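K.L.:
Chains as they are written, first to last, in the working numbering: chain G, 25 to 210; chain W, 25 to 210; chain P, 25 to 210; chain Z, 25 to 210; chain Y, 25 to 210; chain F, 25 to 210. Please see the structure below; I have some questions.
6 protein chains.
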Amino acid sequence: MFAISLGDDGAELRPLEPWQAEEFWAHMERGREFIGRYIGLADRVADVEGARSYLRTYAEKAAADAGRIYGIWTDGKLVGGVLFRTMDVEQGVAEAGCWLEPAAVGKGLVTRAARVIIDWAVEERGIHRVEWRASAANESSIAVARRLGMTKDGVLRESFLYRGTRHDIEIWSVLAPEWRAGKQAA
Amino acid sequence: MFAISLGDDGAELRPLEPWQAEEFWAHMERGREFIGRYIGLADRVADVEGARSYLRTYAEKAAADAGRIYGIWTDGKLVGGVLFRTMDVEQGVAEAGCWLEPAAVGKGLVTRAARVIIDWAVEERGIHRVEWRASAANESSIAVARRLGMTKDGVLRESFLYRGTRHDIEIWSVLAPEWRAGKQAA
Amino acid sequence: MFAISLGDDGAELRPLEPWQAEEFWAHMERGREFIGRYIGLADRVADVEGARSYLRTYAEKAAADAGRIYGIWTDGKLVGGVLFRTMDVEQGVAEAGCWLEPAAVGKGLVTRAARVIIDWAVEERGIHRVEWRASAANESSIAVARRLGMTKDGVLRESFLYRGTRHDIEIWSVLAPEWRAGKQAA
Amino acid sequence: MFAISLGDDGAELRPLEPWQAEEFWAHMERGREFIGRYIGLADRVADVEGARSYLRTYAEKAAADAGRIYGIWTDGKLVGGVLFRTMDVEQGVAEAGCWLEPAAVGKGLVTRAARVIIDWAVEERGIHRVEWRASAANESSIAVARRLGMTKDGVLRESFLYRGTRHDIEIWSVLAPEWRAGKQAA
Amino acid sequence: MFAISLGDDGAELRPLEPWQAEEFWAHMERGREFIGRYIGLADRVADVEGARSYLRTYAEKAAADAGRIYGIWTDGKLVGGVLFRTMDVEQGVAEAGCWLEPAAVGKGLVTRAARVIIDWAVEERGIHRVEWRASAANESSIAVARRLGMTKDGVLRESFLYRGTRHDIEIWSVLAPEWRAGKQAA
Amino acid sequence: MFAISLGDDGAELRPLEPWQAEEFWAHMERGREFIGRYIGLADRVADVEGARSYLRTYAEKAAADAGRIYGIWTDGKLVGGVLFRTMDVEQGVAEAGCWLEPAAVGKGLVTRAARVIIDWAVEERGIHRVEWRASAANESSIAVARRLGMTKDGVLRESFLYRGTRHDIEIWSVLAPEWRAGKQAA
């Protein structure tokens, strides 16, 4: 029902809800290997029930105002999304993230979508600090953080055990005044 | 973030979430007496905490795919809303409803908003029967049911005890084929 | 332990509790096809665990004063029952219902049993409106409503999807003054 | 609705449910000092909300088949009751108990009521051992145990701290074969 | 991390927590037949998941200050334990118990361990009465009660159904003044 | 009952459980202003009920193997503590922390206590990475991290809103191999 245009190519940002579990799972099937290189999402959405359970978690976060998830559609097909894994309005801190199936890479979709939700978080919800966490090896995710005008706060050494390997996790962030200055500059 | 235009007068339909409890309560303050003539909503949203609790109930319904609530904004002000009090996708049955503060009456806002959500329910969610329940004395609500092309299914005699009086409750409905035929005709 | 005589033929109304799950299931086995023509009860009591779970639901409704279930015994055998699917004492509204295995049909057992529980609801619990819902095709259930002195309030068109078919659901009701007048007349 | 006659004097045993909280509390008001000499029940039913909460606990025990509570009425007035504080059908063990307001003392009401529920537990529910616990100072309760044909199993020395004093608690019991022999003899 | 020496032979008493489920299960494997002669513990710890669930129950009792479990280690191997199955600080009553794998029998380990926890219960937690329950046939458990200076309060006749047989359960106890006198004497 | 010596001065590390709520609160009363300069603990333990609730949270974390809390006693008085705010054994990551009342400062108590629990986490529980988070202004906490041989991973800029001010939070860590090397060197 609701949709926000992400640009002239017809890409749209929409709510992503539990009833869309099948569509979400089908999308994950197309991107499983690619998405699963650095993040656990691919494993959690192993089947339709896992997809529903994952989306329900986010619906409950929305009910508690503690997180949000949105999908990105191009040509009517769900190809990725952005989310606030956590959102602490009292503290003014939120952690954003993203994923994308391979066919949708290279169009700046995630950056465009992240701009929309970060702007909402900062301007409408009073979030002061938006974080971005990514494996140090996940170059495309780190590139998004850079494009969003974020600064690297540090590296959590060997903090993420994933598929048998310990990954360094980089933490990037943008503060509300920096976000506003970035918009001015653009 | 998300909004659907309801027409040239700038009216918009948007998600209505727990974090908007203060705005919802302020709106209810403006419309309390008017809204409270026939429905219990006004009493449930007695204070900001009641507003938050009410919206949280609907956020949980959304998480369970069992109901939805949306607000209507004109000139950036929340003036009313439409909702699916219940939504049973497996059965294909949903019960819609509405409310409006007095200053927003007479512009067809509720009818326009209800059309949007009923169409979504029928066309995207496979709902076969959309119900509308209203006190037999609530003429404006019944007028909306009529404008939506609904048929009166019956009257639940003295079924609603409200503020010390027993009200007859009318049940109206529109079935998916009727809804589609109505669109064709329009 | 407790029992109420339903007449000279030895039929009795008794509480029906979770510990009677096996007896309830065995009764459903005898009546499954017949009972399952119009209502979902037969499917829910598919095995002893389903029987226990169903009866537990009603025990919890009793604990919350939100529903009741009772069995009908003839010659020491459980052959059917009556229930309040819902019971809202604050609103003064309850929905009654019934079921029967085929061997017990034609003796007026359900009508006799329903009279007992409706009279309790009206006279001891202050229920003002007792509802009865049945598929329009379920002639024997509608005949009970008529025998109980109920009035047809309306028809919820195509509101019940059951075994692949959409059923019209009739709503009948009797109000407390009507119930008392009916007793006077009898 | 349900009632079992306890004798020619019109005394009756009936279910005691949460909706009867006010009646239960009024009864406790009449007997509070007397009932409170040896058992904590009087304190738990301090007000109507406490009465409702206590009865709800027993309704939930009934739902779980883990306990039961029943009231004794004389001349239409609730004057006391009997209960299974615990009931473990798998183990075949239940603990019975009782209380009475002073005006109803001396008529054997509790003994008559306890006989009904113990017989149900033994004969219909397969309980092998029915326990009875009472403060060693509570002579009338111990007299009931004796009248029920129970044997003293022992004394839990200083095991019950009540109103600042440590009470010895006597445990009495009757086993199923003893119960049946007792009935034969009577 | 924590450990209390139980004597010169290196035996130690330590907390026993859910993360030790595998070690607990391996110990139970060694002692299953022996331990299972009189108590249900052996059956509950049938596999690692059962061990974890059992230990979690006790971790939750500790969180609610309603029970405790401790293991006995000799030569770095878990060989048995002592516990407070229940602990009611407000009432000042706790029920202690124990178990041991056969290779560790005959060294007084349980008596030594029980002394430590009973002394803590009496002196630091204000427990007035420590109970000990054992099948009348479980001579070694009853011998421990005797060595702890306990008195037999009585016998719950045929109260414990275990593996198809009804066992008499003896109740022993020691009161705080008796405990202190016993220490003085020692 | 359990205690670990922290050195020749008689300081001890012990479990800190809900039943010690009063002692914990009395300690917080002595240290409230000092402890509250940089961490929210002082506000959470505002009264005995808050102390109990806080300790219960940690008892539940222990039950779920997701965190631990321990107290430091000198001369029989609780003066501070160390904790694992989080502990994810599957990931091999835990976050340690500490607090101290002012009279106990300057004796290295926290460093000694932290060494004990970190060593347990690394050597007995398989934790690979122990984190330490502190406000950049909290020099004494950062000095502990340094004394524990930790490395600064980064600074979460303005991430902690406390008493109206946004604090930079430093993240320090030590990895298992570093921990073992540090012990070797000492």
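All C-beta atoms, glycine included, are put in the ideal place defined by N, C-alpha and C. Bear in mind that the values here come from a model prediction, so they are computed numbers and not experimental data.
Within the continuous alpha helix (DSSP H) that includes W:L65, where are the two ends?
P.N.:
Here residue 65 of chain W refers to the residue found at position 41 of the second sequence. W:L65 -> alpha helix (DSSP H) spans 65-68.
K.L.:
Can you name the start and end residues of the beta strand (DSSP E) that P:P201 belongs to?
P.N.:
The residue given as residue 201 of chain P occupies position 177 in the third sequence. Per DSSP, P:P201 belongs to no beta strand (DSSP E); it is in the alpha helix (DSSP H), 200-209.
K.L.:
Would you say W:F58 reaches chain G, if we count a Cβ-Cβ gap shorter than 8 Å as a contact?
P.N.:
Here the question's residue 58 of chain W lines up with position 34 in the second sequence. Output row for W:F58: interface = no.
K.L.:
Got a sec? Which residues, its chain only, sit under 7 Å from P:V134 by beta carbon, not counting five neighbours each side?
P.N.:
Walking along the third sequence from the start, residue 134 of chain P turns up at place 110. Closer than 7 Å at the Cβ level, and outside the excluded window around P:V134, lie G104, V106, C122, L124, V168.
K.L.:
Kindly indicate which residue of F:T189, F:A27, F:W49 has the alpha-carbon position closest to the one of F:R76.
P.N.:
Along the sixth sequence, read from residue 1 onward, the residue named residue 76 of chain F stands at position 52. Nearest of F:T189, F:A27, F:W49 to F:R76, Cα basis: F:W49.
K.L.:
Output needed for G:H226: all residues of its chain with C-beta closer than 7 Å, excluding positions within five of it in sequence on either side, in chain order.
P.N.:
This structure does not reach residue 226 of chain G, given that chain G is present from 25 up to 210, and the question cannot be answered.
K.L.:
Using beta carbons (cut-off 8 Å, strictly below), is Y:H191 in contact with chain Z?
P.N.:
Locating residue 191 of chain Y in the fifth sequence gives position 167, counting from the first residue. With 8 Å as the cut-off, Y:H191 does not count as an interface residue toward chain Z.
K.L.:
Where does W:H191 fall in DSSP's three states?
P.N.:
Residue numbering aside, residue 191 of chain W sits at position 167 when the second sequence is read from its first letter. It is a strand residue.
K.L.:
Measuring CA to CA, which of F:W196, F:F58, F:R181 is closest to F:T189?
P.N.:
If you number the sixth sequence from 1, residue 189 of chain F lands on position 165. Minimum Cα distance to F:T189 is reached at F:R181.
K.L.:
Taking 8 Å as the threshold, find out whether the region 82-97 of chain W comes into contact with the region 198-209 of chain G through three or more Cβ pairs.
P.N.:
no
K.L.:
Put Y:L79 into one of helix, strand or coil per three-state DSSP.
P.N.:
What you label residue 79 of chain Y is simply residue 55 of the fifth sequence in a count that begins at 1. In the three-state scheme derived from DSSP, where H, G and I count as helix and E and B as strand, Y:L79 is classed as helix.
K.L.:
Of all the alpha helix (DSSP H) runs that stay within the bounds of the region 27-66 of chain Z, which reach a length of 4 or more residues?
P.N.:
45-59
K.L.:
Note the first and the last residue of the continuous alpha helix (DSSP H) segment covering P:A88.
P.N.:
Reading the third sequence from its first residue, position 64 is the one you call residue 88 of chain P. Note, P:A88: premise wrong, no alpha helix (DSSP H); not H, not E.
K.L.:
Taking the alpha-carbon positions, what's the Y:D177 to Z:Y186 distance?
P.N.:
For the purposes of this step, residue 177 of chain Y is identified with residue 153 of the fifth sequence, where counting begins at 1. For the purposes of this step, residue 186 of chain Z is identified with residue 162 of the fourth sequence, where counting begins at 1. C-alpha separation (whole angstroms): 20 Å.
K.L.:
How would you list, in chain order, the residues of chain G whose beta-carbon sits under 7 Å from the beta-carbon of F:D177?
P.N.:
Here the question's residue 177 of chain F lines up with position 153 in the sixth sequence. Chain G residues near F:D177: G178, V179, L180, R181.
K.L.:
Counting only Cβ pairs nearer than 9 Å, list the residues of chain P close to W:I195.
P.N.:
Counted from its first residue, the second sequence places residue 195 of chain W at position 171. Neighbours of W:I195 on chain P, chain order: D177, G178, L180, I195.
K.L.:
Which value, in whole angstroms, describes the spacing of the CA atoms of Z:L40 and Z:G74?
P.N.:
Here residue 40 of chain Z refers to the residue found at position 16 of the fourth sequence. Here residue 74 of chain Z refers to the residue found at position 50 of the fourth sequence. When rounded, the distance between both Cα atoms is 15 Å.
K.L.:
Considering only C-alpha positions, which residue in the set P:R139, P:Q208, P:V117 is nearest to P:R170?
P.N.:
Counting from one through the third sequence, the residue named residue 170 of chain P turns up at place 146. Measuring from the Cα of P:R170, the nearest candidate turns out to be P:R139.
K.L.:
Taking C-beta pairs closer than 7 Å, name the residues in chain P that W:L199 reaches, listed in chain order.
P.N.:
If you number the second sequence from 1, residue 199 of chain W lands on position 175. Ordered by position in chain P, the residues that pass the 7 Å Cβ test against W:L199 are R181, E182.
K.L.:
Between which residues of its own chain and Y:R80 is the CB-CB distance below 8 Å, once the five residues before and five after are set aside?
P.N.:
Taking the first residue of the fifth sequence as 1, we reach residue 80 of chain Y at position 56. For Y:R80, where only same-chain residues beyond five positions count, the Cβ hits under 8 Å are P42.
K.L.:
Rank W:E47, W:S165, W:G173 by C-alpha distance to the C-alpha of W:V129 and give the top, closest one.
P.N.:
In the second sequence, the residue the question calls residue 129 of chain W occupies position 105. Nearest option by C-alpha distance: W:S165.
K.L.:
Within the region 124-184 of chain P, note down every full alpha helix (DSSP H) run reaching 4 residues or more, in order along the chain.
P.N.:
Segments of the alpha helix (DSSP H) lying fully in the region 124-184 of chain P: 133-147, 163-171.
K.L.:
G:E119 CB to nearest chain W CB: under 8 Å?
P.N.:
The residue given as residue 119 of chain G occupies position 95 in the first sequence. Output row for G:E119: interface = no.
K.L.:
So which residues of chain Z does P:D89 contact, with C-beta pairs closer than 8 Å?
P.N.:
Start at 1 with the first residue of the third sequence, and residue 89 of chain P comes out as number 65. E41, P42, W43, listed in chain order.
K.L.:
Bridge partners for Z:M111 per DSSP, in chain order?
P.N.:
Walking along the fourth sequence from the start, residue 111 of chain Z turns up at place 87. Beta-bridge pairing links Z:M111 to Z:A118.
K.L.:
In terms of residue numbering, what span does the beta strand (DSSP E) encompassing F:G100 cover?
P.N.:
Residue 100 of chain F sits at position 76 when you count from the first residue of the sixth sequence. That residue, F:G100, is in no beta strand (DSSP E); it is neither H nor E in DSSP.
K.L.:
Under 8 Å, Cβ to Cβ, is there at least one residue of chain G near F:G116?
P.N.:
Position 92 of the sixth sequence, counted from the first residue, corresponds to residue 116 of chain F. By this cut-off, F:G116 is an interface position.
K.L.:
If we ignore side chains and look at the alpha-carbon of each, how far apart do W:S159 and P:R153 end up?
P.N.:
As a working mapping, residue 159 of chain W is identified with position 135 in the second sequence. As a working mapping, residue 153 of chain P is identified with position 129 in the third sequence. If I take the Cα positions, the gap works out to 16 Å.
K.L.:
With 8 Å as the threshold, decide whether the Cβ of Z:L185 is near any Cβ in chain Y.
P.N.:
Residue mapping note: residue 185 of chain Z aligns to position 161 of the fourth sequence, counting from 1. Yes - at least one Cβ of chain Y is within 8 Å of the one on Z:L185.
K.L.:
Checking contacts by CB at 8 Å: is W:R153 closer than that to chain P?
P.N.:
For the purposes of this step, residue 153 of chain W is taken as residue 129 along the second sequence, with counting starting at 1. Against chain P, the CB of W:R153 has a partner CB under 8 Å away; the residue lies at that interface.
K.L.:
Is W:V113 close to chain G? Criterion is C-beta to C-beta, closer than 8 Å.
P.N.:
One-based indexing of the second sequence puts residue 113 of chain W at position 89. Judged by the 8 Å Cβ criterion, W:V113 is in contact with chain G.
K.L.:
Assign Z:Q208 to buried or exposed, taking buried as 16 or more other Cβ atoms, counted over all protein chains shown, within 10 Å of its Cβ.
P.N.:
For this step, residue 208 of chain Z is matched to residue 184 along the fourth sequence. Exposed: under 16 other Cβ atoms inside 10 Å.
K.L.:
Leaving out the 5 sequence neighbours to the left and right, which residues in its chain are closer than 6 Å to Z:G173 when beta-carbon positions are compared?
P.N.:
For this step, residue 173 of chain Z is matched to residue 149 along the fourth sequence. Once the five neighbours on either side are set aside, the close Cβ partners of Z:G173 are V198, G206.
K.L.:
Taking P:F26 as the reference, give the member of Z:R38, Z:A210, Z:A45 with the closest Cα.
P.N.:
If you number the third sequence from 1, residue 26 of chain P lands on position 2. Residue Z:R38 is the option with its Cα nearest to P:F26.
K.L.:
Between the Cα of G:D112 and those of G:K131, G:I59, G:I151, spot the shortest distance and give me the residue it belongs to.
P.N.:
In the first sequence, the residue the question calls residue 112 of chain G occupies position 88. Nearest option by C-alpha distance: G:I151.
K.L.:
Within 8 Å (strictly less), CB to CB, does W:F108 reach chain G?
P.N.:
Here residue 108 of chain W is taken as the residue at index 84 of the second sequence, counted from 1. Chain G, which has no Cβ nearer than 8 Å to the Cβ of W:F108, makes this no.
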